[in-house]
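Enquirer: For reference, the structure I am asking about is given below.
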Amino acid sequence: MDKDTRKLLTIVTEAALESELAQVIRRLGASGYTIVDARGRGSRGVRDAGWSSSSNIRVEVICDIETATRICEYLRDHYYRNYAMVIYLSDVTVLRPEKF
Amino acid sequence: MDKDTRKLLTIVTEAALESELAQVIRRLGASGYTIVDARGRGSRGVRDAGWSSSSNIRVEVICDIETATRICEYLRDHYYRNYAMVIYLSDVTVLRPEKF
Amino acid sequence: MDKDTRKLLTIVTEAALESELAQVIRRLGASGYTIVDARGRGSRGVRDAGWSSSSNIRVEVICDIETATRICEYLRDHYYRNYAMVIYLSDVTVLRPEKF
Amino acid sequence: MDPVILFFLLGFIAGISRSELRLPPAIYELLSILLLLSIGLKGGIELSRQPLGDVLPQSLGVLIMGFLLPLPVFAALRFVGRLDRANAGSIAGHYGSVSVGTYAVGVAYLASKGVTYEAHLALFLVLLEMPAIVVGILLARGIGRRSDFGRLAHEIFLGKSIVLLLGGLMIGWIAGAEGIAPLEPLFFDAFKGVLALFLLEMGLIAAGQARALRERGPLIIATGLLAPVPLACCGALLGWWFGLSVGGTTLLALLAGSCSYIAAPAAMRIAIPEANPALSLTASLGVTFPFNIFVGIPLYFALATWLYGG
Amino acid sequence: MDPVILFFLLGFIAGISRSELRLPPAIYELLSILLLLSIGLKGGIELSRQPLGDVLPQSLGVLIMGFLLPLPVFAALRFVGRLDRANAGSIAGHYGSVSVGTYAVGVAYLASKGVTYEAHLALFLVLLEMPAIVVGILLARGIGRRSDFGRLAHEIFLGKSIVLLLGGLMIGWIAGAEGIAPLEPLFFDAFKGVLALFLLEMGLIAAGQARALRERGPLIIATGLLAPVPLACCGALLGWWFGLSVGGTTLLALLAGSCSYIAAPAAMRIAIPEANPALSLTASLGVTFPFNIFVGIPLYFALATWLYGG
Amino acid sequence: MDPVILFFLLGFIAGISRSELRLPPAIYELLSILLLLSIGLKGGIELSRQPLGDVLPQSLGVLIMGFLLPLPVFAALRFVGRLDRANAGSIAGHYGSVSVGTYAVGVAYLASKGVTYEAHLALFLVLLEMPAIVVGILLARGIGRRSDFGRLAHEIFLGKSIVLLLGGLMIGWIAGAEGIAPLEPLFFDAFKGVLALFLLEMGLIAAGQARALRERGPLIIATGLLAPVPLACCGALLGWWFGLSVGGTTLLALLAGSCSYIAAPAAMRIAIPEANPALSLTASLGVTFPFNIFVGIPLYFALATWLYGG
Ligand SMILES: Nc1ncnc2c1ncn2[C@@H]1O[C@H](COP(=O)(O)O)[C@@H](O)[C@H]1O
Ligand SMILES: Nc1ncnc2c1ncn2[C@@H]1O[C@H](COP(=O)(O)O)[C@@H](O)[C@H]1O
Ligand SMILES: Nc1ncnc2c1ncn2[C@@H]1O[C@H](COP(=O)(O)O)[C@@H](O)[C@H]1O
Ligand code: NA
Ligand code: NA
Ligand code: NA
């Protein structure tokens, strides 16, 4: 099978940002994204799905290193200061690399 | 603690395939799987949990490299062409390696 | 951007343990956690979200290697024998490393 | 205009204007479960009032219609619309089958007009759901690949809608009116309110589908607009031939003219993977469903009245 | 047969035949919340009609029964069934405690028979939920490891069911009949419909448990079938000794004979981790719950009638 | 005391004592959707009974009040409370806007007292929701950064609450009383039960906020306690000037004195990211909401009665 390595960018942040992030991610060149509802705790305290507006989402984006960097920088510049947000990167082997 | 490395196989695909995949994964020799409801966007457009039949699932399987390859090949041959599906692999260190 | 590598500790276990784990994780020194509802199958059979008490949660913790080890050992000593639980570790590059 | 239809409009407008309004999937589930059970129970109660014998011959006729309805749709799509076999078969199956939501709106329409209809229409609803799906699949795939027909049968006969409709019918039939009485507040009194919420969500979904219409192109719009009426005529004629009441004839026409969006999509996705689910869903939810509740129902009612020289 | 039981059958059959029918967890939550509040409110309203003083001695007796019920079950499992201490204690705790769903079916049964019962049965329901769980835990673990008894108390006394039942009781008691009147459409009129949906889901769950019966083996089946009746007899005798009405005696017997599947499993999972939750859940949901609603309720009613020489 | 308030207490106590009781988010969604639609429908039906013309001038007055209400709050927070501009603007916007939950409790309160009120209060509810939010944002950010005002408008005018309230109003207005009749069991008869469940959840949420009060400090408590009454007085005076009935005046006072926790937080989070959402939410849910339903409503009712020399 033809495989290739890509970056897996994971963002955990406030549910209120979902529609906004969805646009940003596409605009910055990623081919897609996967979103899961989440809850959790961090520097901004407990964020619980108990009440939608205060819950989290967990967004995954598979893309090449350049796109990943672009997205990270954009998020850092626009959301870091004011929103609950955690971002981390890892390497993954994707099938159908042409997709990403 | 005794640890060991395994493959973490992640599949994002249509919710309609859940029961089918669950069987396939076990049949091809994995000891288990973890499923999470998801939504997202890709080459087949937006897939939103808003309406169950059009939502996604995110399936994780921890297994050895051979099993992972077997599953990947099976999914490629049976689902790639006709279903919204993204697959990626990464290395993880598991505790209780005997389980997987 | 200043980045750094950390450990990503993922725990899949019984929903009944959520509040307990949340405390343990913080007490053992992690700065936070992210929880997602899950279902799945393993050595203890099918665990389905269909009925809350029998469903799973998927907990992610980003922390340094020492904390990760501490948490793993604690979980091993306290929950392994009696609870459905799977744990795995991977390396991730985090932004804002000072947070973790 | 019946207020429940206004709820559909509200949802549709909200969806088109990209409002944040969304019903949680769990709620949509609950609403459809309630609708299916209510319809089943109501039908069952009525059935318990009359000898089943009389219903059987008509049921057989309805079943046969269910097997035949997809054929003209398939032919038109395949040879007029030049659509590939898989998609033509899938869409034909959708249109041959029925839509519970549309049926519910029709029932509400007749109720508001004070028109009665035969008990066993709910039974016909159940009978019409499956055959067309099977035929559609056969049309798309030929008789080959029998292998997983077992799984398909399971998919079809144990699908949510069949189980709840049939289950409701049985329970209503066994328990009878007085037995069901204590359940009425939830299943019957609240019926129209539940339907209103359901249509609100349907409006949101339909809006999403309608937005996709551009990409889908004219064929889908044409299918969605042209398929219902001819199919409904078959239903109307059958009802007239059966000698059903005007109300019953209207509902049978409506069933024939309606297009499935719950049972069929689920079954087709598994049985005809190569068919593009977006095509059938857009035609069904984005075009035919609105067409039927706005134009179709009054039209079929007029047709039925005319058939009886009313 | 009461239609709500037919809903259980429908769910059970659907589950056994692996239908896709499933109620979303959120809906199951909603249904159980409604049931718990309805039962609490109803009890509270009735209590507000009579001096509490009369109820206290009986309440004490019921509490004591709650502490004693697990003992015979534990003994039987441990020495006859040769089950390890942890599992024996856990199961004993389940059977000593009560099942709200079973109680609700019993209430519906009496209502359909037009049999009345005392107001404070709902209070007994609350009182019987906790003691057996504590005893079961002590049986399994001995008095040692007191450390996390605080957390356990929290787990037990602030669990969902207790809070809602007790809360409903209080509210009903404070507000009284006329105060609660505006809430009746949702909490009382819809009660039986809600119960029907709840039992539909219970049927699906029970089917899942029943499928697991094979692995669990004969001991679980035996427990599930043999435990209820003797326990119910204790309840019936106590009710008879109290001089409760036939309806009240029936319900007290039913409470004693019912087996918890909400409060107990949650508490046991934390307090007796080494006990296998599948065992108790299969016995409770896969065997005892169906047994009670099909065989138990009529049986205990007959028993109560017989006790009063009816 | 009205039982629905007891449900709030129950939720609050359960939350404070960290009970496991939680309503699934999907259920909370359903409940708020039902409340919003019920209020809208009721208002629409009433409006359909009278010429709209009479309502317009009053509506204009209410709109203007909506724009003005945030100003004093902002001034106080900024210059007395020494709060930074972003947070002061955000909180001011919250208090200028309205709380549907509070309004619903007020409606229930009047109903239980048998006091009537004007139809168009529901319309005022809609009109008061948006203006204050816009003003709050301008106060926080100045007229600069117009760029995303389009998105903001979308956020505000297509938010869930506006769409459902306005939609309900329209539908009720078009369909009229007899048209809505079949929807009453779900939307009107069950209203108070739905409100009770909603307040149960509100109690749980409020408890969570109250726990956070410590960290938030005295300023938030002061704001939450001191803001409502003066604002309510403006509302009461306006209602009195309009010559509304005592009931109408009470509700207008309540609207002015209530604090948004659905529309405003969502809009502010996007429009004023640098404002700390915890501050406004704690003041609104942890302090003002309980204050209004326990102290405020009776107080504003007394005020209105007094204004009319009652
Ligand atoms: N150390 C961590 N490990 C995993 N998830 C985290 C961690 N810290 C924060 N999060 C998640 O990221 C969200 C926002 O974090 P924060 O911006 O620190 O409040 C939290 O609500 C958690 O869901
Ligand atoms: N680049 C991507 N990153 C993360 N998830 C993706 C990506 N592309 C697709 N997906 C997910 O995989 C599903 C199917 O993708 P596709 O087959 O391309 O439609 C989508 O609905 C997304 O949830
Ligand atoms: N091989 C596996 N891959 C992914 N998830 C697993 C695997 N095995 C178990 N799990 C998850 O971990 C949970 C507990 O596993 P177990 O303790 O083996 O019953 C299961 O319910 C699954 O959700
Ligand atoms: Na049809
Ligand atoms: Na018992
Ligand atoms: Na206000």
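Protein chains in written order, with our numbering: chain L, 23 to 122; chain X, 23 to 122; chain U, 23 to 122; chain V, 25 to 334; chain C, 25 to 334; chain R, 25 to 334. Note that beta-carbon positions come from the ideal geometry of N, C-alpha and C, so glycine has one too.
Can you check whether the C-beta of residue 314(R) is within less than 8 Å of a C-beta belonging to chain L?
Expert: For the purposes of this step, residue 314(R) is taken as the residue at position 290 of the sixth sequence. Residue 314(R) does not count as touching chain L.
Enquirer: Does the Cβ of residue 282(R) lie closer than 7 Å to at least one heavy atom of ligand 6?
Expert: Translated into the one-based positions of the sixth sequence, residue 282(R) becomes position 258. Flag set: Cβ of residue 282(R) near ligand 6.
Enquirer: Here's the rule I'm using: 16 or more other beta-carbon atoms within 10 Å means buried, otherwise exposed. How should residue 215(V) be labelled?
Expert: As a position in the fourth sequence, residue 215(V) is number 191, starting the count at 1. Looking at its Cβ environment, which holds 16 or more other Cβ atoms inside 10 Å, residue 215(V) is buried.
Enquirer: Just the C-alpha distance for residue 107(X) and residue 290(V), rounded to the nearest angstrom, thanks.
Expert: Sequence index remark: in the second sequence, residue 107(X) carries index 85 (1-based). Sequence index remark: in the fourth sequence, residue 290(V) carries index 266 (1-based). In this structure, the CA atom of residue 107(X) is about 17 Å from the CA atom of residue 290(V).
Enquirer: When the Cβ atoms of the region 68-77 of chain V are set against those of the region 211-229 of chain V, are three or more pairs found closer than 8 Å?
Expert: no
Enquirer: Nearest to residue 75(R) by CA position, among 144(R), 316(R), 263(R), is which residue?
Expert: As a position in the sixth sequence, residue 75(R) is number 51, starting the count at 1. Nearest option by C-alpha distance: 144(R).
Enquirer: Taking a cut of 9 Å between CB atoms, which residues from the region 41-71 of chain X lie near chain U?
Expert: Against chain U - using a Cβ distance shorter than 9 Å - the residues of the region 41-71 of chain X are 44, 47, 48, 53, 54, 55, 56, 57, 58, 59.
Enquirer: Does residue 78(X) get closer than 8 Å to chain V when you measure Cβ to Cβ?
Expert: For this step, residue 78(X) is matched to residue 56 along the second sequence. No, no contact with chain V.
Enquirer: Quickly, what does DSSP pair residue 29(L) with across the bridge? List them, please.
Expert: Counted from its first residue, the first sequence places residue 29(L) at position 7. In the DSSP output, where bridge partners are listed per residue, residue 29(L) has 85(L), 113(L).
Enquirer: Taking any Cβ of chain L, which residues in the region 93-116 of chain U have a Cβ under 8 Å from it, in chain order?
Expert: 112, 113, 114, 115, 116
Enquirer: Just mark residue 82(C) as buried or exposed, buried being the case when its beta carbon has 16 or more other beta carbons within 10 Å.
Expert: What you label residue 82(C) is simply residue 58 of the fifth sequence in a count that begins at 1. The residue in question, residue 82(C), is buried, as its Cβ has 16 or more Cβ neighbours within 10 Å.
Enquirer: Report all residues for which the CB-ligand distance to some heavy atom of ligand 1 is below 7 Å; order them along the chain.
Expert: 34(L), 35(L), 60(L), 61(L), 62(L), 63(L), 64(L), 65(L), 66(L), 67(L), 69(L), 78(L), 106(L), 107(L), 108(L), 52(U), 53(U), 54(U), 55(U), 56(U), 82(U), 83(U), 84(U), 85(U), 121(U), 122(U)
Enquirer: Between residue 101(C) and ligand 5, is the CB less than 7 Å from at least one heavy atom?
Expert: Position 77 of the fifth sequence, counted from the start, is the residue given in the question as residue 101(C). Checking the Cβ of residue 101(C) against ligand 5 gives no.
Enquirer: Report the start-end ranges of each alpha helix (DSSP H) in the region 97-175 of chain V that is 4 residues or longer and not cut off at the edges.
Expert: 109-120, 124-137, 145-153, 155-165
Enquirer: Here's the rule: buried if 16 or more other CB atoms are within 10 angstroms of the residue's CB, otherwise exposed. What is residue 177(V)?
Expert: Looking up residue 177(V) in the fourth sequence gives position 153. Of the residues assessed, residue 177(V) falls on the exposed side of the cut-off, its CB having fewer than 16 other CB atoms within 10 angstroms.
Enquirer: Kindly say whether residue 271(C), judged by its beta-carbon, lies nearer than 8 Å to any beta-carbon of chain V.
Expert: By 1-based counting over the fifth sequence, the position of residue 271(C) is 247. For residue 271(C), the answer is no, since every Cβ of chain V falls outside 8 Å of its Cβ.
Enquirer: Hey, is residue 120(V) close to ligand 4, as in C-beta under 7 Å from one of its heavy atoms?
Expert: Start at 1 with the first residue of the fourth sequence, and residue 120(V) comes out as number 96. Indeed, a heavy atom of ligand 4 lies less than 7 Å from the Cβ.
Enquirer: Would residue 90(U) count as contacting chain C if we go by Cβ distances under 8 Å?
Expert: On the third sequence, position 68 is the one that residue 90(U) refers to. No, because no Cβ of chain C sits closer than 8 Å to the Cβ of residue 90(U).
Enquirer: Based on the DSSP secondary-structure assignment, which residues constitute the bridge partners of residue 107(L)?
Expert: To locate residue 107(L), count along the first sequence from 1; it is residue 85. Note: residue 107(L) sits in a beta bridge opposite 35(L).
Enquirer: Just the chain V side, please: which residues come within less than 9 Å of residue 54(R) by C-beta, in chain order?
Expert: Position 30 of the sixth sequence, counted from the first residue, corresponds to residue 54(R). What residue 54(R) touches in chain V: 47, 48, 50, 51, 54, 221.
Enquirer: Tell me where the beta strand (DSSP E) around residue 59(L) begins and ends.
Expert: In the first sequence, the residue the question calls residue 59(L) occupies position 37. Its beta strand (DSSP E) spans residues 55-64.
Enquirer: Nearest-angstrom Cα distance between residue 105(R) and residue 159(R)?
Expert: Walking along the sixth sequence from the start, residue 105(R) turns up at place 81. Walking along the sixth sequence from the start, residue 159(R) turns up at place 135. Approximately 19 Å, taken between the alpha carbons.
Enquirer: To the nearest angstrom, how far is the alpha carbon of residue 104(L) from that of residue 306(R)?
Expert: Here residue 104(L) refers to the residue found at position 82 when the first sequence is read from its first residue. Here residue 306(R) refers to the residue found at position 282 when the sixth sequence is read from its first residue. Their Cα atoms are separated by approximately 18 Å.
Enquirer: Let me know the secondary structure DSSP gives residue 37(V) once reduced to three states.
Expert: Your numbering for residue 37(V) matches position 13 in the fourth sequence. Note: residue 37(V) maps to helix in three-state DSSP.
Enquirer: So, is residue 103(V) buried or exposed, given that buried needs 16 or more other C-beta atoms within 10 angstroms?
Expert: Translated into positions along the fourth sequence, residue 103(V) becomes position 79. It counts as exposed.
Enquirer: At 9 Å on the CB atoms, spell out the chain C contacts of residue 199(V), in chain order.
Expert: Within the fourth sequence, the letter at position 175 stands for residue 199(V). Correct list: 25, 26, 27, 30.
Enquirer: State the Cα-Cα distance for the pair residue 303(V) and residue 115(V), rounded to the nearest angstrom.
Expert: Counted from its first residue, the fourth sequence places residue 303(V) at position 279. Counted from its first residue, the fourth sequence places residue 115(V) at position 91. Roughly 8 Å separates the two Cα atoms.
Enquirer: Work out the CA separation of residue 314(V) and residue 182(C) for me, nearest whole Å.
Expert: To locate residue 182(C), count along the fifth sequence from 1; it is residue 158. To locate residue 314(V), count along the fourth sequence from 1; it is residue 290. Approximately 49 Å between the Cα atoms of the pair.
Enquirer: Okay, do the region 51-58 of chain V and the region 108-122 of chain V touch, 3+ Cβ pairs below 8 Å being the bar?
Expert: no
Enquirer: Is the region 188-204 of chain V touching the region 201-209 of chain C, taking contact as three or more C-beta pairs under 8 Å?
Expert: As far as the Cβ criterion goes, the region 188-204 of chain V does not touch the region 201-209 of chain C, which means the pair count is below three.
Enquirer: Determine which residues share a DSSP beta bridge with residue 68(X) and list them.
Expert: Position 46 of the second sequence, counting from 1, holds the residue named residue 68(X). Note: residue 68(X) is bridge-paired with 63(X) in the DSSP secondary-structure output.
Enquirer: Is residue 125(L) helix, strand or coil when you go by DSSP?
Expert: Lying outside 23 to 122, the shown extent of chain L, residue 125(L) is not represented and no answer is given.
Enquirer: Which same chain residues end up closer than 6 Å to residue 113(U) when comparing Cβ atoms and leaving out the 5 residues on each side of it in sequence?
Expert: Residue 113(U) sits at position 91 when you count from the first residue of the third sequence. Counting only Cβ-Cβ distances below 6 Å, and skipping sequence neighbours, we find 27.
Enquirer: From the beta carbon of residue 129(R), is the nearest beta carbon of chain C less than 8 Å away?
Expert: Indexing the sixth sequence from 1 puts residue 129(R) at position 105. Taking Cβ atoms only, chain C never reaches closer than 8 Å to residue 129(R), which makes this a no.
Enquirer: Here's the rule I'm using: 16 or more other beta-carbon atoms within 10 Å means buried, otherwise exposed. How should residue 101(R) be labelled?
Expert: Translated into positions along the sixth sequence, residue 101(R) becomes position 77. By the beta-carbon neighbour count (other beta carbons within 10 angstroms, threshold 16), residue 101(R) is buried.
Enquirer: Report the rounded CA-to-CA distance for residue 41(X) versus residue 47(X), giving the unit in angstroms.
Expert: On the second sequence, residue 41(X) is found 19 positions in, with the first residue counted as 1. On the second sequence, residue 47(X) is found 25 positions in, with the first residue counted as 1. Approximately 10 Å, taken between the alpha carbons.
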